[in-house]
Every structure is written in structure tokens, then in C-alpha cells.
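First to last, the sequence lines map onto chains P and E.
My numbering numbers the first residue of the first sequence as 1 and each following residue consecutively.
My numbering numbers the first residue of the second sequence as 1001 and each following residue consecutively.
Every residue gets a Cβ at the ideal spot worked out from N, C-alpha and C, and that includes glycine.
Remember, it's a predicted structure, so these values are computed and weren't measured experimentally.
One structure is given here, and the rest of the page talks about it.
There are 2 protein chains.
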Amino acid sequence: MDRKQFRNLADPDVARETIASLDLAPETETVPLRDARGRVLAERIDAGLDVPGFDRASVDGYALRAADTFGADEADPVTVRRVGQVHAGSEPDIEVAEGECAEISTGAVLPPGADAVVMVERTDLGETDDDVLVRTSLAPGDRVMFAGADIAAGERALGPGTIVTPREIGLLSAIGVDEVSVRGVPTVGIVSTGDELIRPGEALDSDAGQIYDVNSYTTATAVEEAGGEAKLYPHAGDDYDAMEAALRTAAEECDLVLSSGSTSASAVDVIYRVVEETGELLLHGVAVKPGKPMLVGELAGSAYIGLPGYPVSALTIFRAFVAPAIRRAAGRPEPKTATIEGRMAVRERYSEGRLRYMPAGLVTDGDGETLVYPVDKGSGATTSLVEADGIVSVSPDVEYLDAGESVEVKLFSSDVRPPTLFGAGEDDPALSRLLDRVDRPRYLGVGGRQGRRRLRDGVADVAVVTGDSTPDGVELGGWSREWGLVVPTGNPEEVAGLADLIDDDLRFINRTTDSGLRSTLSDALDDLADERGTGRRELTDAIDGFELAVRAHESPARKVLKGDADVGLGLQATAESLGMAFVPCGTERVSVVADPKRADKPGVRRLEAAIDDGAAVFDELAGYRG
Amino acid sequence: MDRKQFRNLADPDVARETIASLDLAPETETVPLRDARGRVLAERIDAGLDVPGFDRASVDGYALRAADTFGADEADPVTVRRVGQVHAGSEPDIEVAEGECAEISTGAVLPPGADAVVMVERTDLGETDDDVLVRTSLAPGDRVMFAGADIAAGERALGPGTIVTPREIGLLSAIGVDEVSVRGVPTVGIVSTGDELIRPGEALDSDAGQIYDVNSYTTATAVEEAGGEAKLYPHAGDDYDAMEAALRTAAEECDLVLSSGSTSASAVDVIYRVVEETGELLLHGVAVKPGKPMLVGELAGSAYIGLPGYPVSALTIFRAFVAPAIRRAAGRPEPKTATIEGRMAVRERYSEGRLRYMPAGLVTDGDGETLVYPVDKGSGATTSLVEADGIVSVSPDVEYLDAGESVEVKLFSSDVRPPTLFGAGEDDPALSRLLDRVDRPRYLGVGGRQGRRRLRDGVADVAVVTGDSTPDGVELGGWSREWGLVVPTGNPEEVAGLADLIDDDLRFINRTTDSGLRSTLSDALDDLADERGTGRRELTDAIDGFELAVRAHESPARKVLKGDADVGLGLQATAESLGMAFVPCGTERVSVVADPKRADKPGVRRLEAAIDDGAAVFDELAGYRG
């Protein structure tokens, strides 16, 4: 077995410099002003005309000669004669002489002869409507905005590098600019490698080890978020000629080509070969976890970066190394890094001697302080993408982060906020629906046993558990659910109860030991053993598949549906939602218990209210009672 | 003159509640996952399949039975026989029996019979390539990711209200979701009113008081920024039937109709009438500055908000009242409000008894502390849109903000940062180009006199002044520029110098008194007066138009170009760039002087370097010498 190993891993800073040396910058382009939002100006824009373009009345009133109002006040007005009027948007057809005035609206052109405007509120009409009494003294220029006073022709309006937001659009509109020269958007080609990958939406053959391609869409979206344009190339599968062709086409059409690591050694070999034939491999392997197997090079005149294959690794490396390069090429500033200080909620060991980008979740404790916990579900897990809020950089020489130690979390974006509620425990369909009523909750369906542990450790705000023995804390409420045996439609094996599992030749499938439902089953088997005057172990040994356990609440039923087993442990609600038959065995209590110090967190209160008010949810699910 | 006055202005909170009572929420829609970035999930998404869909090898190595490795270690390996191999993306065609193993790649399906994987690094080959020596003991499940371990069918993946970012795209890809139900985007129709408005790009007749329509594009962009879709309706000009038709069509097609206040009373009357005929006016007038004349109502089944007409007022009111409603309708959370504490750089009086949203600029002093100064160029100015960084809310009962007083600035967005350099003073084409080399500078071309004042007040970092008397501070450098009289091409009046202005019948146009160039002209006239044995005043009185002053460096020349005058005060560079003739009068020094406490600010250093290195800029401009 000859597989490439990464030796001499590059220092992360060297990797950054190598990427910075690549040329990704596209050419500038011209876009209509209306479409310029978010673009970056390529060059300075000077005003080409005066704004306003004429001497302009700032108020509704009368245009006149300031000298005529000398000495006028409330008690002793001056009378001027109205000789006409000027509306906004029309050219004055009168001239104002000494002792005269013209009615004028805001925004209208100051008529010739006039040098000031008196606001209507400081005037009255005299004996006739054409006699205007002015009750204030004016200076030349009063209530007039002179031509060019806002911005004058030839003045600097906006500089190169300015990001166009509504206010820049406003200024550019004012100076009549209807198209602008902007920095081009770097085009990033995404080539998907890996025989086992299927694009979402297509049919998946799990038995053949196929999985959905996570990196293509994720990377494409991340490219767009960084200010690039993503171009997806057709997935080449195991056709290495097609893969080579895709790489070459992408290099021709794009400023940067990204691939994400294939688990297939031959795919990696194709990439190596194409890079070496048409360009240069500048770097392979970086001393960082996750993301060690990063490639940087040039490919047929384009820049090339190979991301690691696991989604969490690929996105982490993209954010740390590739996004800054795309932003630079697009002329965008680094976003204000949103970082948050927090205390480690638990101790985390680390001793791999490489810089570690540790995905971390946040939770607010009862005092509003931020706690940080590592999110590490193994490199292959895509759920850790959404269970983390940011990254803690752990230096190579740190061996552990202690519980209570202060760390800095670089948030995934400045909009990331800790969840309002952090729960852990039993996986339950009613809970799922109740959580829909909470704003930004985070819930880990890790089973009641793990939920208890996380509540005790002070990580979770609430634990969701089954059975009568609830952990210490404030009970927010609960419900009961019918549990039993899920069997195929029509119950072909005529299963009647737990006894049949022991006595008949049935393939059973259980839940994992963290599940509360499994404990409930064990308790029921204890009762049955007592009845039969035997031990529980004897009964479980007689059940074919008692140790065959799957994780989530629908998993055993789905195994039955697939024909992998005859009977699955499950809920009546699950049987109903999957259109299967159900053999009831009992009723189980589900309780939601909060850490007393966090019972007043808004999300916890919201969940409590949702349970109180949950009748509709419980009614909708077979076998539930609030 | 019968114009509507706003009485009983509504409290800002009442205005907010009234707007919140409008129904802007669009229907949900389904979009492809690839286009879902930034959208808001309309409903919960549960996983429809297990991820992974099979028991999956987490490393490259050998699949085997854990029991076979019992007791194995580095020194004492166990030998198992290789019976085949399994690649990622293909169905295993072998079964692993006791004492056997299968070569397996990361991501491949665990073959039947095997319950663990040993990584290749913990193995060696034995006598033949089919004898694999395992140098570690394994437990069942080691290096295997079980089906559904990441997320299992039936588990809650994402909740309603989740904003789709790359990581959500990742998780949804993993569970094979290729389209999602998302909150609709509220459609906002923008109806432009006002006879005097011309869309950017069209020809402008300034003599007829036309101005470019600033609010349409600005509001449209702000709508998009808030998560809405903007629809611009054709500008109806003074055709009130067309305006009414536009309002009705917009109401039919959109969730919300916005207009921005017209200065024309009859346009306002049309809006009033249409609103009252087809809906209801809920509120007119809000006790806030700027933005008093806001309208809120219902219009032919759609929501309607009338924004004030001045661009700064319109955008301020949009941000404070309308954007939150659009975000709510789109299901987006309020963005993390970026606020910054700072000290008032100057005293600001205020006494209108209304809540004031004061546009404010930021500048960092030498110690890195943030200073805040009001940006108030009069309501009509569009430049204040870009000269401010955010808004200070001043309560109705505050009469003044003292210099040094601490205030809170709500930034226009969380990406707003104080400029790296804040300069004020002379308006100069070389300076404009030098500023292009500074990242995010802010420069106010208010003339040398105002520049000196702002430097002295500790507001500006640098002042740009003309003449030999420079303000106290660190001189960063400077240049000289040829000044004189700008005349039409061919110099038809044969102007030879300043004396001709006095002795001939020429219409002259000057710069305003804040301009350094005007002072230079006055000094030259002093010399001429001395020569002639008379006073300066006598000379200036003899110049037709000496008091006719315009603001910016190109303004007099452009007046001449337009035929409004025969001779303008200006620079050789301006004459050249406008293709006009030039009568030189002398050379003027321009100096850039920094506040000594701020000479080390990065932007100030950058400007200094740009001046030092400015030869190319000075060479490019006629009459300049570095």
C-alpha cells in the first residue's frame, strides 16, 4: 500500500504567505449604480457637476432682496409686493426687483434679483394677497443653498476601495453617476473529487458507501460570503480523465481553483500530476488541526488550493486561509473580527503539537457570563458545523485547557450569538416541535444519560430525561409518551408483546445505552423476569439483537422498515409517522429539568411556556399526553 | 397659500408600534439549496436519512473483528489474513471471518463480519502481502463511524428562523436536501414623487431647478440591505394621474409601498387622497429630527410609508423605523447593533424639544480614544450621508452636548470603523490623488481657514493650508501650485494679468472667503495697490464680481465655461483639465500640517509617505511642483 504521507508540514504563517503570493485578482468592471451595492470602487470618483446645480430655496416662503428687510421684526414688519411664484422643477419666469418678492417652494430655483428667502412662518399677508408682510430681518444667503454647496464639480466624492452601501449610492445619485467602475469579483472554480460523492437531490446508494457531497455547496457558499463568485464543475466521479479535464477547464475559466480532498489516493494522484504538469506545487501539508492535508499551487495559469476532505476541516481551512485571499482579491477589508472571551466549561486535553483550530460552542450561564465548550464529534461529522459558534486557536505547546480557563473564541461571523437555550438529552418528536417555538435554541439529542451529565457539568441549561428519577434542578414540565415495539404494517409476525421477543424467533433492534427508552425497556424486562422467576440477563440473552443498538428515536423502526429486523424499540408516534404497526408496552414520562441558576434565561422561560402551552403538539402526536 | 402643517406629532415609539401593526409578511417560498445563502428557514427540517448511511471506516487501514486483536501490542502483534479490499463508494464484495481482514479506505463501507478498523500506521505486512500484523488491541466500534452517528433519520436538523450560512448548507447537503422552504422576501415598491427629480444617467436641466433623484436608488439599496426586494416604479413627474396609477400598481404588486416626500404640495395631496380613498392614514408626523413629515398608512391593501424628502432625513427615518419592519417581515433578526462610546469633540447646542437623530462622525485621537463630532451640513446635503459614521440619539430634553461629554454612537453598520485619517482644509487636485493612497481617509474640503480651526479644535488630524504661515503642528510636507486667472479657450478678452480685472470691463468670479486661494489673490492685490499707491479696497471695488464667490477649486472656471463670467480665479491644473486658457499670477505653497499628538496615526503616516513619494502625482498636474 503506497500512500502519500505529509512530511515537513508547513508552518501556518508560511501557508498564509504562500497563498498571499498567488494572483487571484480579477479585472475591474463597470456596473450600473442600481446594481453596485456591496461592490468595491476601483477608482476615485470626483463630482462632475455642482450639487445643487443652482441656488436653491431651503424652505417654503418668499424670495426677495435681503436689503429690503433691514430692521424688520415681529412688531414692525416690512411689506413687499408679490410679483409671481417659482415651483420646484421649473425655471423662474420673473425677476425680483427692490420691494418685490416671489412665492417660492422648497427646492425651487432662486429667481434673478433675489438673494435670500424668508420662511412662510415669518410672514403674513397684508391688505391684499399680493402684499406680503415680512416679520424678520434677513442677510443675503439666508435660507438659500448655493450651487455646489453640497458638493462642487471637481471635488473628491469617493475614494478607491470604498464599499458601496446605501449612503454611497445616495451621493453618487446626487452627482448623476449611473454606472461605476468596481473591483472585479474573483471567480472560484470548485472541482469535486471522490468516487463516493453524490450531489444533494440525486439518489443515494448507501449500501455502496455513497454519501452526499457536502463540500461543493458549502465551499461555494463560503466563496460567495467572502466576496467571490463560485462556479461548480460537474462531479467527475472515478473518471480520472474527466477529473483532469475539469481541473484544466476550471483553471482556464477561474482565478482560483479549489478542490476538496478525496479519500481516494488515485484522485489525489491525478491532482498532483495535473498541478505538476501545468504549474507548480508550492506547498503540501500544513501544521494545523484540522486541515493538515492542504495543497497550494498553480494550475494551468490559475491559483490552486486543495482543501481537506472532511467538511469541518474544509470549512475551517477555507475560513482561516482561503477567505482572506479572496477578500483581498475582491478589494474587501477583513470583516471586523468578532471575538468573545469566555471560560472553558470543561477541561479539554490536547497534545498533538500542532496549532489547533478547535470548534467551540457558547453557552451563557445564569450570570450572563459566556462559557465555552469544545465541539468535537470526530472529523467526519457535519453536525458539528452547526453545533459550534466559532473557533478557539490552541497553540502547539498547550497541553490542555482547564475548566474555568479563559479563552478567546473567534466567532464564525459577527452576527453569531450564543443560543438562547442550550439543552441536551432525550431525542423526542414532541420536544422537536416545542423547540420550534424558542428563538435560536441549541439541542443535542445525546440521550437522557448524557443530558444528565451535561446538566451536572454546568454545560447545558436544561436536560431532557425519561423516567421518574429526575436530576436535581427546576422541573419545567413534561409529558408522557406511549412506547413499545414497532413492527411492519399488518404486524406479519403477530407480535403481541415483549414476551414474544424472548419466546419467538424474532430479529430485534434496540436503542443505544444512552437512551432513556432503553432503560425503560430494561425496567420492563426486569418486571417480566420477576414474573417468570428468572433474571433479566437470561431474558436479554434470549432476545436476538438486544445488543444491536442504534442511536436516534426513529432508527430501530427504520431498520425494520428496511427489512434488517422484525421488531424495533420505539414510540407509537414514530410507528404512526412511518406508517408502521405498533405493539404498546407502556407509558413513559419525559421531563425537562433546568439548571436552577439558569431557570430565568429567556430561552429557558420560553421553553417552559411552550411546554405549558403544548396541547396542540401533544394532540398531534399519537400516544402523547401533556 | 394653504399647505398642510403637521400638528400633534406622534411619539417615535407610537410610530414604531403603528408600523409594527402593518402586515408586510410575504408568503414562504421554496428555493434550491444552492441559492439559499442568507435566506431564513420557514420551518424545521428533520433529517430524512442517516448520516452516514452505513457503518463507515474513519481511517485508512484494515477492517476486522476486534476480538481477533485481543492482547496485541507493538511487541506482540496478531496476524490476520487479508481477504480483499473495500474502496470508498463501492459495495463490499467480501465478508470478514474470524482471523481475516479487508483492506479499507477512509469513508468505505465496513464489510459484513467486521466490527472495527485498525489504522494502517498500527500495522505491518508479514511474510506475504496478505499477512497483516496488527500491533494494537481494538474494541468493537474502534475507528468506525456508525450509520446515523452524525445525524439520524427523524432527528431535528435545523429549526425555523435559522439563517442559512455555509455551515447550514453543509448540514443540509449531508442529509441530501436540495431545496428548502424559506421565508419570502418582502417586496417594497418605491414611488418617486417630485416634479424636479431626474433619474441618474438622464440629462439634467439645472436652470429649471432639476436635481437628480437621490432617494429612489438609496432607498432601494437600503431595502435590499434590510432583506427586502425593491421595485422601482417609473417616475411620474408632475402627472398626478400617473402618480396615482403608480401608487395603485405598487400597492397591488408589493407588500409595502414607500414614497419619499415631495416638496410639491400637490404631490402630497395626491398621496393623501389615494391613501384615504383606498386605505387609511394611520399617522402623519413624528416628533423626531430629522424626519418629522413621515406618513404611515394602508394603501389599496398594502402597507404604505411616506419618507421625508431630504436624503439624509429619508435614510435616517428608513433605518430607524422602516428597516426593522422589513427585517421582521423577512424573518431576520435585528443585526447586532454596533455602538461605540466616544467623547464629543465640540459642544453642540440643541433645543428643539424633539428626539434628534444626530448624524455623527468619528475620529480617533492620539491615544486611540474615539471623538465624536456632529455632521450637520443642513438637511439638503447628500455629502453628510458619507461624512457621518452613525447616529447619536439626543433626547428631547437635552439642551446641549458639551465638548468632552460621553455619547453613544449607533454605527450605520457593524463594519463601520473610524477613518484612518481625518483631514480638513484646502480643496486641491493633487491632494485628492494623494488621498487615494490612504486606506479609508476622510477629507473635508472646507478651505484652509476652516481646516486651521478644526485642527486647533482637536477635531481634524491634519489641516491642509496655503501660504507661508502654517498652523502649529508637524508639517508632513507640501507642494506648490501655479495660480492665476482661468479664461475661455483662446483667451478672447486677451486678459494679461490682475490689472486687467481692475482696468477692463471683465466679469470676474472669485472663491469664497474660506479658500486659501482667495487670500493669495488678496495678497497679490495688496502688492498691486502698493505699486499703484492706492488701497486694496479701491482695487476690489473696481473688480466686477470680486464678491461673487463660489466654493470649490474648479467652480469659478466652470462658471466661465458656462458663460456666466469672463474670468475665474483658479489653478493652472484646472484650466488644463477643463481645456481652458490660463493667465498665470504666481505660485502658491500648499502645506499639510498634522496635530502633533496624532502624527503617528497610521493614516497620517500613510499620507506623509504619499506626499514624499508624490512625484508622479505632481508631474501629472500642470503647474505643480512637489
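Delimiting residues of the beta strand (DSSP E) encompassing residue i
i: P:Leu-64; result: 61-64
i: E:Lys-1231; result: 1229-1232
i: E:Ala-1587; result: Checking the sequence shown, residue 1587 of chain E turns out to be Thr, not Ala. Residues 1581-1594.
i: E:Arg-1343; result: 1339-1344
i: P:Glu-482; result: 474-487
i: P:Thr-136; result: Element bounds for P:Thr-136: n/a, residue is neither H nor E.
i: E:Glu-1280; result: 1280-1284
i: E:Ala-1102; result: 1100-1104
i: P:Ala-360; result: 355-364
i: P:Glu-554; result: P:Glu-554 -> no beta strand (DSSP E), and no H or E assigned at all.
i: P:Ile-317; result: Not the beta strand (DSSP E): P:Ile-317 falls in the alpha helix (DSSP H), residues 311-317.
i: E:Ile-1391; result: 1390-1394
i: P:Ile-305; result: 302-307
i: P:Leu-110; result: No beta strand (DSSP E) holds P:Leu-110; DSSP gives it neither H nor E.
Assigned secondary structure, residue i (DSSP; H/G/I helix, E/B strand, else coil)
i: P:Lys-4; result: Per-residue confidence for P:Lys-4 stands at a pLDDT of 41, beneath the threshold of 50, marking its modelled position as unreliable; the derived number appears in the next sentence. In the structure shown, P:Lys-4 sits in coil (DSSP, three-state: anything other than H, G, I, E or B).
i: P:Val-416; result: coil
i: P:Glu-608; result: helix
i: E:Phe-1618; result: helix
i: E:Ala-1075; result: coil
i: P:Asp-130; result: coil
i: P:Phe-422; result: strand
i: E:Thr-1187; result: strand
i: E:Gly-1377; result: Correcting the residue type first, residue 1377 of chain E is Lys in the shown sequence and not Gly. E:Lys-1377 falls in the coil class under three-state DSSP.
i: E:Ser-1192; result: strand
i: E:Thr-1470; result: coil
Segment limits, alpha helix (DSSP H) that includes residue i
i: E:Thr-1221; result: 1215-1225
i: E:Glu-1168; result: 1166-1174
i: E:Asp-1500; result: 1498-1503
i: E:Met-1243; result: 1240-1253
i: E:Pro-1012; result: 1012-1020
i: P:Arg-518; result: 516-532
Integer-rounded CB distance, given that residue j should sit under 8 Å from residue i
i: E:Ala-1152; j: E:Leu-1110; result: Wrong, their Cβ atoms sit about 17 Å apart, outside the cutoff.
i: P:Trp-479; j: P:Val-590; result: 6 Å
i: E:Gly-1477; j: E:Ala-1463; result: Actually they do not touch by this definition, with Cβ atoms about 13 Å apart.
i: E:Val-1617; j: E:Arg-1433; result: 5 Å
i: P:Gly-603; j: P:Pro-441; result: 6 Å
i: P:Val-144; j: P:Gly-331; result: Actually they are not in contact, since the Cβ atoms of P:Val-144 and P:Gly-331 sit about 40 Å apart, beyond 8 Å.
i: P:Val-214; j: P:Leu-258; result: 14 Å between Cβ atoms; not a contact.
Burial state of residue i, where buried means 16 or more other Cβ atoms lie within 10 Å
i: E:Pro-1584; result: exposed
i: P:Ala-8; result: Checking the sequence shown, residue 8 of chain P turns out to be Asn, not Ala. Under this definition P:Asn-8 is an exposed residue.
i: P:Tyr-212; result: buried
i: P:Thr-534; result: exposed
i: P:Gly-425; result: buried
i: P:Glu-538; result: exposed
is_contact[residue i, chain C] using C-beta, thresh 7 Å
i: P:Leu-385; result: Looking at the structure shown, chain C is missing, and the protein chains on hand are P and E.
Could you check whether the segment 48-55 of chain P touches the segment 1436-1450 of chain E, counting it as contact only if at least three pairs of C-beta atoms, one from each stretch, sit closer than 8 Å? With a cut-off of 8 Å, the segment 1436-1450 of chain E and the segment 48-55 of chain P do not count as touching, because too few Cβ pairs lie within range.
Given 8 Å as the limit, is there contact between the segment 270-290 of chain P and the segment 215-234 of chain P, that is, 3 or more CB pairs closer than that? With the cut-off at 8 Å, the segment 270-290 of chain P and the segment 215-234 of chain P do not touch.
Touching or not, the segment 402-415 of chain P and the segment 1124-1142 of chain E, by the rule of three or more beta carbon pairs under 8 Å? No, the segment 402-415 of chain P does not touch the segment 1124-1142 of chain E.
Taking one C-beta from the segment 1199-1210 of chain E and one from the segment 1240-1250 of chain E each time, how about it: are there three or more such pairs within less than 8 Å? Taking 8 Å as the limit for Cβ pairs, the verdict is that the segment 1240-1250 of chain E does not touch the segment 1199-1210 of chain E.
With contact counted as at least three CB pairs below 8 Å, one residue from each stretch, are the segment 1512-1520 of chain E and the segment 1539-1553 of chain E in contact? Yes, the segment 1512-1520 of chain E touches the segment 1539-1553 of chain E.
Say whether the segment 1061-1076 of chain E touches the segment 1169-1185 of chain E, bearing in mind that this needs 3 or more beta-carbon pairs closer than 8 Å, one atom from each stretch. Counting Cβ pairs under 8 Å, fewer than three are found: no touch.
Would the segment 1282-1289 of chain E count as touching the segment 1335-1354 of chain E if we require 3 or more Cβ pairs under 8 Å? Under the Cβ criterion (8 Å, minimum of three pairs), the segment 1282-1289 of chain E counts as touching the segment 1335-1354 of chain E.
Touch test, the segment 1299-1309 of chain E against the segment 1018-1030 of chain E, Cβ-Cβ under 8 Å, three pairs minimum: Three or more pairs of CB atoms, one per stretch, sit closer than 8 Å, so the segment 1299-1309 of chain E contacts the segment 1018-1030 of chain E.
Assess contact between the segment 363-371 of chain P and the segment 593-609 of chain P, defined as three or more Cβ pairs (one per stretch) separated by less than 8 Å. Is contact present? Between the segment 363-371 of chain P and the segment 593-609 of chain P, the count of C-beta pairs closer than 8 Å reaches three or more; the two stretches touch.
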